[in-house]
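Q:
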Amino acid sequence: MKILKTAMCQCGLIMAIAGISMGWQAQATELNVIEGAPSVYTVKKGDTLWDIAGHYLASPWRWPELWQSNRSTVADPHWIYPGDQLYLHFVDGQPRLLRKPHKHLSPKAIVTSKPMTTLPAQLLLPYLAEDKLLTSKEVQHLPHVIGDSRAQGYIPRGETIWVDMPLKKGDKWGIFRPKQQLQRELASGETTEVSILKEVARGEVVAVTETTSAVLLTDAKREVMPNDILLPAPLPPSMAAMSFIPSPYPEPTSAKVLAGLGGMAFIATHEVVVLDQGHLDGLAAGHVFQITRPGAKYMGEKGQYEYNKPDSPIMSFALSLSQSQQLQDTPVGEVMVIRPYEYFSLAVVTKAKEPFRVGAQLIPPYQG
2 MKILKTAMCQ
12 CGLIMAIAGI
22 SMGWQAQATE
32 LNVIEGAPSV
42 YTVKKGDTLW
52 DIAGHYLASP
62 WRWPELWQSN
72 RSTVADPHWI
82 YPGDQLYLHF
92 VDGQPRLLRK
102 PHKHLSPKAI
112 VTSKPMTTLP
122 AQLLLPYLAE
132 DKLLTSKEVQ
142 HLPHVIGDSR
152 AQGYIPRGET
162 IWVDMPLKKG
172 DKWGIFRPKQ
182 QLQRELASGE
192 TTEVSILKEV
202 ARGEVVAVTE
212 TTSAVLLTDA
222 KREVMPNDIL
232 LPAPLPPSMA
242 AMSFIPSPYP
252 EPTSAKVLAG
262 LGGMAFIATH
272 EVVVLDQGHL
282 DGLAAGHVFQ
292 ITRPGAKYMG
302 EKGQYEYNKP
312 DSPIMSFALS
322 LSQSQQLQDT
332 PVGEVMVIRP
342 YEYFSLAVVT
352 KAKEPFRVGA
362 QLIPPYQG
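And the structure:
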């Protein structure tokens with residue numbers, strides 16, 4: 002447990018406190034159990050806390066509220082294992098899950114099950130380890146790849162590259178490549194930029210001079226190129242923080258999705274996105290947002306309604322805008338922050354009713 006907590010600090014993940022109320026609303030709504038919810042559920046291998054809550058709640062990110070009955074016996078709800086049975090009961094009219102640990106009767110059997118995480122580790126690990134957001138100033142102060150002694154433009158695993166800074170011999174580094182640059186305007190009117198860096202290889206320092214270092218490429222997803230950037234090697238999977246306490250973002254927000262790390266035109270469930278808000282805006286790991294699709298704009302009077310289109314031949318664009326109205330925005334999914342930076346954040350799409358595009362607006366979630 003201590004290792005897990007330490008790893009979380011090293012990753013810079015700020016655990017949000019469960020049960021934070023939405024400051025702009027009177028108080029959180031009551032939990033409502035969905036129709037067909039099982040009275041007893043047996044935890045299966047591969048289950049996550051989010052998965053289990055989905056059997057009971059329309060908003061599975063509210064799973065911490067289901068575990069209130071276990072506080073005296075299970076300090077951390079992530080320490081639930083395959084085979085454990087969960088019983089649905091009610092306390093003061095609110096649903097709760099009571100855990101009954103699975104016991105192994107054979108004294109010869111030694112079982113080393115792993116505790117559960119909020120979301121699948123195999124889903125989050127690649128993004129937490131392989132994707133970084135850095136400012137141009139931060140990038141300038143990092144070691145850069147010069148090339149190799151053969152003057153290759155694409156350098157494969159097993160080759161030795163040279164970088165433009167003296168490093169410590171034996172240290173392990175990740176080699177990253179800038180993928181996309183994003184920007185947002187701050188309240189002050191200034192513009193801040195950040196680059197998405199994707200890990201392409203890993204290496205170990207094998208020689209050092211006064212001004213350069215030789216790095217042996219021990220692993221490579223792609224060939225290394227001159228001007229790629231070095232960052233300290235990510236934590237091993239066993240030490241990466243995979244547990245998050247979801248909570249609604251407590252303030253009204255105008256956050257939006259800036260980019261999808263999958264590189265596709267449309268974004269769907271389990272993809273990781275970049276948000277245009279960070280920890281200086283109050284975001285923390287575990288904060289949940291609802292994704293919305295803007296309602297269609299329309300114009301006209303009763304019996305003559307039509308969708309508002311800028312190129313409509315019926316009336317000028319200015320007139321269309323003056324008379325247009327908009328239908329209510331539609332919720333299309335939810336995202337949860339997994340790594341906040343100063344002005345940007347990485348978030349995972351936990352649910353998407355339909356694919357959505359970059360630019361989707363985010364609001365505090367419905368609590369049902």
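Numbering (our numbering) for the sequence shown: 2 to 369. Quick reminder that beta carbons are idealized off the backbone N, C-alpha and C, glycines included. On a predicted model such as this, the values are computed, not experimentally measured, just so you know.
1. Quick check: what's the CA-CA separation for residue 279 versus residue 344?
2. The beta strand (DSSP E) that contains residue 138, what's its start and end?
3. Identify which residue in 366, 179, 45, 50 has its Cα closest to the Cα of residue 289.
4. With a cut-off of 8 Å on the beta carbons, I'd call residue 422 and residue 205 a contact; round off their distance for me.
5. For residue 212 and residue 162, what's the separation of their Cα atoms in angstroms?
6. Rounding to the nearest angstrom, what Cα-Cα distance links residue 171 and residue 139 in this structure?
7. Using a Cβ-Cβ cutoff of less than 7 Å, which residues in the same chain neighbour residue 32 once the five nearest sequence positions on both sides are dropped?
8. Are the CB atoms of residue 275 and residue 286 nearer to each other than 7 Å?
9. Can you give me the start and stop residues for the beta strand (DSSP E) that residue 177 sits inside?
10. Considering only DSSP beta bridges, list what residue 249 is partnered with.
11. May I have the straight-line CA-CA distance separating residue 168 from residue 209, to the nearest angstrom?
12. So, under 8 Å CB-CB, residue 268 and residue 341 are touching, yes? Tell me the CB distance rounded to an integer number of Å.
13. Report the three-state DSSP secondary structure of residue 280 (helix, strand or coil).
14. Jot down the residue ranges of each uninterrupted beta strand (DSSP E) in the segment 193-242, minimum 3 residues, whole runs only, in chain order.
15. Grab me the residues of residue 266's own chain with a C-beta within less than 8 Å of its C-beta, minus the 5 sequence neighbours each way, in chain order.
16. Grab me the residues of residue 327's own chain with a C-beta within less than 6 Å of its C-beta, minus the 5 sequence neighbours each way, in chain order.
17. Can you tell me whether DSSP reads residue 93 as helix, strand or coil?
18. So, using beta-carbon positions, are residue 283 and residue 272 closer together than 7 Å?
19. Can you tell me whether residue 132 is helix, strand or coil according to DSSP?
20. Taking the beta strand (DSSP E) that residue 166 falls in, what are its first and last residues?
21. Applying the 10 Å Cβ sphere with the 16-neighbour rule, what's the burial state of residue 36?
22. Could you give the distance in angstroms between the alpha-carbon of residue 351 and the alpha-carbon of residue 149?
23. Run the CB neighbour count on residue 188, radius 10 Å, all protein chains shown included, and call it buried at 16 or more, exposed below.
24. To the nearest angstrom, report how far apart residue 349 and residue 133 are at their CA atoms.
25. Among 178, 154, 146, which has the Cα closest to the Cα of residue 165?
26. Please state if the CB of residue 183 and the CB of residue 135 are separated by a distance shorter than 7 Å.
A: Taking the structure as given:
1. 4 Å
2. No beta strand (DSSP E) contains residue 138, which is instead part of the alpha helix (DSSP H) from 137-141.
3. 366
4. Lying before the first or after the last residue shown, residue 422 is absent from the chain, which here runs from 2 to 369.
5. A direct Cα-Cα distance of roughly 14 Å separates residue 212 from residue 162.
6. Going from the Cα of residue 171 to the Cα of residue 139 covers about 24 Å.
7. 58, 63, 66, 95, 96
8. no
9. 173-186
10. According to DSSP, residue 249 bridges with 289.
11. Whole-angstrom Cα-Cα distance: 7 Å.
12. About 19 Å; that fails the 8 Å criterion.
13. helix
14. Every beta strand (DSSP E) stretch that sits fully inside the segment 193-242 and reaches 3 residues is listed by chain position as 214-221, 230-233.
15. Close CB contacts of residue 266 within its chain, under the 8 Å cut and outside five residues either way in sequence, are with 358 (chain order).
16. 296, 298
17. coil
18. Their beta carbons are not under 7 Å apart, which means residue 283 does not touch residue 272 by this criterion.
19. strand
20. Careful: residue 166 lies outside any beta strand (DSSP E) and carries neither H nor E.
21. exposed
22. Each residue's Cα considered, the two are about 42 Å apart.
23. exposed
24. 14 Å
25. 146
26. no
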